[in-house]
Amino acid sequence: MKKFGSPSYLIVVAMIFTAATFLSCEKKKAPVEVKKEHKEPSDWEPTTAELIMGKEVYVAECALCHNHGEEQSPRLGKIMDWEERLKQSPETMIKKSIEGFIGEEGEMPARGGSPYLTDEQMAAAVKFMIATPKH
Ligand code: HEC
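Numbering-wise, the numbering used here puts 528 at position 132 of the sequence shown, and it's gapless, one number per residue.
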């Protein structure tokens, strides 16, 4: 019990206190931790390059119908036109757009009526349409 009153005990306490203060300072100095979302990339998720290509294709070949819903096509960025369709997988929508289909609304011509478009360009355009924010 004598130890409690001894100066060496006080020194130890002082050291712990100093260390704690030092550590807490260190903590404050540490750079802000950037939280990254760990999302598994799925096959369909477009890269920036794909979105750029997709937008180019869309503007050139798809916008004439899809900007304003010509022939009852789903309009770009309109949630009410897309929410039912988005229940399908992106892969399905890409395949249908390449092959063309007659749906409940009308006819989506094969490759939007532009047969020169490659599968890659079609996939990029559909991904661009899916990725465009919808209101
Ligand atoms: C001549 C008009 C027209 C053009 C041009 C056109 N589309 Fe379409 N598209 C339609 C119509 C109409 C539908 C809706 C068909 C339905 O569901 O009844 C549609 C539907 C779609 C859908 C939804 C598919 C689904 O499964 O619901 C996608 C994706 C699409 N088009 C992509 C494209 C792309 C990409 C291009 C350009 C390369 C393009 N379209 C050009 C008329 C067009």
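Note that beta-carbon positions come from the ideal geometry of N, C-alpha and C, so glycine has one too. Remember, predicted model here, so these are calculated numbers, not experimental data.
1) Between K530 and G473, how many whole angstroms is the CB-CB distance? I'm expecting something under 8 Å.
2) Is it true that the CB of S485 sits closer than 7 Å to the CB of M518?
3) Tell me whether E503 sits in a helix, a strand or coil according to DSSP, three-state version.
4) Using 7 Å as the threshold, is the C-beta distance between G502 and E457 below it?
5) Tell me, please, whether the CB atom of P442 is closer than 7 Å to any CB atom in chain C?
6) State yes or no: is the C-beta of S485 nearer than 6 Å to some heavy atom of ligand 1?
7) Where do the ends of the alpha helix (DSSP H) carrying E516 lie?
8) Rounded to whole angstroms, what's the CA-CA distance from T488 to H464? Just pull it up for me.
9) Report the rounded CA-to-CA distance for I498 versus E516, giving the unit in angstroms.
10) Just tell me which of T528, R481, D477, G496 has its CA closest to the CA of L513.
Concretely, from the data shown:
1) 5 Å
2) Their beta carbons are not under 7 Å apart, which means M518 does not touch S485 by this criterion.
3) strand
4) Not a contact, by the Cβ cut-off of 7 Å.
5) Among the chains of the structure shown, chain C does not appear; only one protein chain is present.
6) no
7) 515-527
8) 23 Å
9) 22 Å
10) G496
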